[in-house]
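All remarks here apply to the structure that follows.
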C-alpha cells in the first residue's frame with residue numbers, strides 16, 4: 001500500500017495535484033468545453049521498495065523515484081477528454097523519456113461522479129532499462145543480465161467520487177496497468193498486469209468565498225526562531241507538554257519567515273479561520289554539515305473560541321502541508337541512522353499564541369500575536385512513496401511573532 005497526501009490546488013495559472021505541480025501556459029474555455037497546455041514537474045511513482053525488499057531484487061542497486069519535467073495538452077469536449085503528455089527524467093534516476101496518450105469520459109448524476117479512463121504510453125530504453133533491467137554486475141544464478149529496451153505500456157481505470165456535502169468528497173478508483181512484452185520478460189518481473197485500488201477523501205476550500213480576492217484582505221507576516229529537540233522528544237510528547245527540551249549535544253537552529261493570506265474567516269459562523277502560508281526557513285547546522293534552506297507550503301486552521309478570547313484573543317493553530325529542504329536537515333540524518341532520508345516530507349505546524357494588543361491594551365497591536373510552535377517534518381511512518389518512504393523526521397520548537405498588514 002502507499003499513502004499519498006492529496007494536496008490539490010487549482011489556480012488561474014498555477015496548480016498542484018499531489019505528486020505534480022506546474023504552470024498553465026494556455027487555458028481557455030470552460031470545465032466542460034476547453035483546451036489547456038501545461039508545463040510541470042512531477043515525481044514518478046516507480047522504483048524499488050525502501051523496506052521488505054523481495055528476494056528477486058536482493059543485491060541490486062536501488063531504483064529511485066525520478067523527478068520529471070513534462071508538457072501536457074488536454075482538450076475537453078462533450079464526447080470526452082483527450083490528453084497528451086511528454087515527460088523526461090531531469091534528476092539522477094533513469095534519465096528516460098515517456099510519451100502518453102489518454103482518453104476519459106465523465107458521467108455525473110447528483111452527488112455521484114464516474115470516470116472511465118484508458119491510456120497508452122511509449123517508454124524509451126533508458127526508462128525501461130532503469131526500472132526493469134538487470135545490470136551485468138547484478139546478474140546471479142536465476143537472474144540473468146537483461147535490458148528490456150523501449151516499449152509500450154497501457155492502463156485501464158475506473159474512478160469515482162461522491163459528494164458527502166458541499167465541501168467533503170469521497171474518492172475511489174481501480175486500475176490495471178499492462179506492461180509491455182519486453183518488460184514482462186524481465187527476470188525481476190512476476191506479473192504482466194498490475195492491479196491497483198485507491199480510496200480517499202478530500203475537502204474543497206474552493207466552495208467558500210475567497211477571502212484573499214477581497215481588496216481588504218490582510219497579509220500575515222510571521223518571523224520565527226527555534227531549536228532542534230532532544231532525540232526522542234516527538235511531536236505528540238511536545239504538544240502534550242511532556243517534553244519541551246531542546247538538544248544539548250549537536251544542537252542546531254532554525255530561523256525563518258512565513259507569509260500568509262486568509263482563505264476562510266469564521267467557517268460556518270464558528271471561531272475558526274483557515275489561511276494559506278508559504279514559509280522559507282534557514283537551517284543553521286552549527287558546522288555539523290552544510291547549512292541549507294527549507295520551503296514550506298501549507299494550509300493552517302486557527303481556533304479562537306476560548307472563554308477568555310473576548311478579553312485576550314488566544315489562537316490554537318495547526319498547519320498541514322509539504323516541506324522541501326535544500327538539504328536533509330542534520331537532525332533527520334542522525335535520527336535515521338543510515339536509513340532512507342528525503343528532502344520532501346509532510347509538514348505540520350502546531351502553534352499557540354496570544355494577541356499583544358489585548359495583552360497590553362494597545363488597540364493598534366490587536367492583530368499582532370506572539371507564541372510558540374513546532375516545525376515538524378514527517379514521512380508519515382514510512383507509508384508514502386511520494387515522501388521517500390521515510391519513517392521519521394524532525395522537530396524544532398520555536399518562538400514567533402506574527403502581524404497582519
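In my numbering, the protein residues as written are 1 to 405. Cβ coordinates follow ideal geometry from the N, Cα and C atoms, glycine included. Computed from a predicted structure; not experimentally measured.
query: Give me the Cα-Cα distance between residue 96 and residue 124, rounded to the nearest whole angstrom.; result: 6 Å
query: Taking the runs of the alpha helix (DSSP H) that are 4 residues or longer, which of them lie wholly in the region 293 to 340?; result: 330 to 336
query: Would you mind reading off the limits of the beta strand (DSSP E) that contains residue 364?; result: No beta strand (DSSP E) holds residue 364; DSSP gives it neither H nor E.
query: The alpha helix (DSSP H) spanning residue 189 covers which residue range?; result: Premise fails: residue 189 is in no alpha helix (DSSP H) and is neither H nor E.
query: What are the partner residues of residue 152, as DSSP defines its beta bridges?; result: 122
query: Suppose contacts are defined by Cβ-Cβ distances below 7 Å. Is residue 26 in contact with residue 40 by that definition?; result: no
query: Apply the 10 Å Cβ neighbour rule to residue 111 and answer buried if 16 or more other Cβ atoms are within range, or exposed otherwise.; result: exposed
query: Which word fits residue 294, buried or exposed, when buried means at least 16 other C-beta atoms lie within 10 angstroms of its C-beta?; result: buried
query: Expressed to the nearest angstrom, what Euclidean distance is found between the alpha-carbon atoms of residue 296 and residue 259?; result: 10 Å
query: DSSP three-state label for residue 84, please.; result: strand
query: Using the C-alpha atoms, what's the distance from residue 272 back to residue 208?; result: Residue placement at residue 208 is poorly supported in this model, since its pLDDT is 49, which falls under 50; the coordinates still yield a value, given next. Approximately 14 Å between the Cα atoms of the pair.
query: Less than 7 Å between the beta carbons of residue 156 and residue 174, yes or no?; result: no
query: As an exercise, report each continuous alpha helix (DSSP H) stretch of at least 4 residues that is fully enclosed by the region 90 to 136, in chain order.; result: 125 to 132
query: Sort 58, 68 and 48 by Cα distance to residue 19 and report the nearest one.; result: 68
query: If contacts are defined as beta-carbon pairs under 8 Å, then residue 217 and residue 262 qualify, I think. What distance do you get, rounded to the angstrom?; result: 6 Å
query: Can the beta-carbon of residue 133 be found closer than 7 Å to that of residue 116?; result: no
query: Grouping DSSP H, G and I as helix and E and B as strand, with all else coil, what is residue 262?; result: strand
query: Taking the beta carbon of residue 28 as the centre, do at least 16 other beta carbons fall within 10 Å, making it buried, or is it exposed?; result: exposed
query: Going by DSSP in three states, residue 59 sits in which element: helix, strand or coil?; result: coil
query: Looking at chain B, is there any beta carbon in it that lies within less than 7 Å of the beta carbon of residue 28?; result: Among the protein chains of the structure shown there is no chain B, as only one such chain exists.
query: Specify, as a first and last residue, the run of the beta strand (DSSP E) that residue 21 falls within.; result: 20 to 29
query: Label residue 276 either buried or exposed according to how many other C-beta atoms from any shown protein chain fall within 10 Å of its C-beta, with 16 as the threshold for buried.; result: buried
query: With a 10 Å radius around its C-beta and 16 neighbouring C-beta atoms as the bar for buried, classify residue 183 as buried or exposed.; result: buried
query: Using DSSP with H/G/I as helix, E/B as strand and the rest coil, what is residue 236?; result: helix
query: Taking 6 Å as the limit between beta carbons, can you name the residues of its chain near residue 73, skipping five residues before and five after?; result: 37 and 84
query: CA-CA distance, residue 158 and residue 114?; result: 7 Å
query: Which ranges does the alpha helix (DSSP H) cover as unbroken runs of at least 4 residues, wholly within the region 243 to 288, from first to last along the chain?; result: none
query: Residue range of the beta strand (DSSP E) that residue 402 falls in?; result: 393 to 404
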